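In my numbering, the protein residues as written are 2 to 145.
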């Protein structure tokens, strides 16, 4: 198992190095290795010193909820994780970054991105709540 992890880490490092060479060769971006390292260090510090304690505390608060017949924790975790990941994926569209390029390439604007992301989050939360209700109902009907 240790060998598989080592291969995975080496593959990730190789992919990162390859992506770095592509970025550095692009004359339109004019990046510097120092600038890239500063952004990487900033993201690392932001995550480790700010974001991780926040979502760890929120997760800890979820585990302190009163126990129910069917644990509620994972029915909250999953839609929140889905919302966070889709937010990261669709962030450029939500904040309308690169709108002239998108409009020129597709003829469409980025206005509906935020509303669609919010509807997606509501749907994930609704489905998760529905699954929890069905599980509670089935467990109550089974007498356990």
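From the three backbone atoms N, C-alpha and C, an ideal C-beta is built for every residue, glycine too.
Bear in mind that the values here come from a model prediction, so they are computed numbers and not experimental data.
Rounded separation between residue i and residue j - CA only
i, j, result
"residue 45", "residue 57", "16 Å"
"residue 11", "residue 105", "39 Å"
"residue 68", "residue 59", "17 Å"
"residue 25", "residue 18", "10 Å"
"residue 2", "residue 48", "28 Å"
Buried or exposed (CB count within 10 angstroms, at least 16 for buried), residue i
i, result
"residue 76", "buried"
"residue 80", "buried"
"residue 94", "buried"
Closest by C-alpha distance to residue i, when choosing among the options
i, options, result
"residue 82", "133, 129, 141", "129"
"residue 118", "65, 134, 85", "85"
Simplified DSSP state of residue i, which is helix, strand or coil
i, result
"residue 134", "helix"
"residue 113", "helix"
"residue 108", "coil"
"residue 71", "coil"
Integer Cβ distance of residue i from residue j, believed to fall under 8 Å
i, j, result
"residue 137", "residue 71", "5 Å"
"residue 37", "residue 21", "7 Å"
"residue 74", "residue 63", "5 Å"
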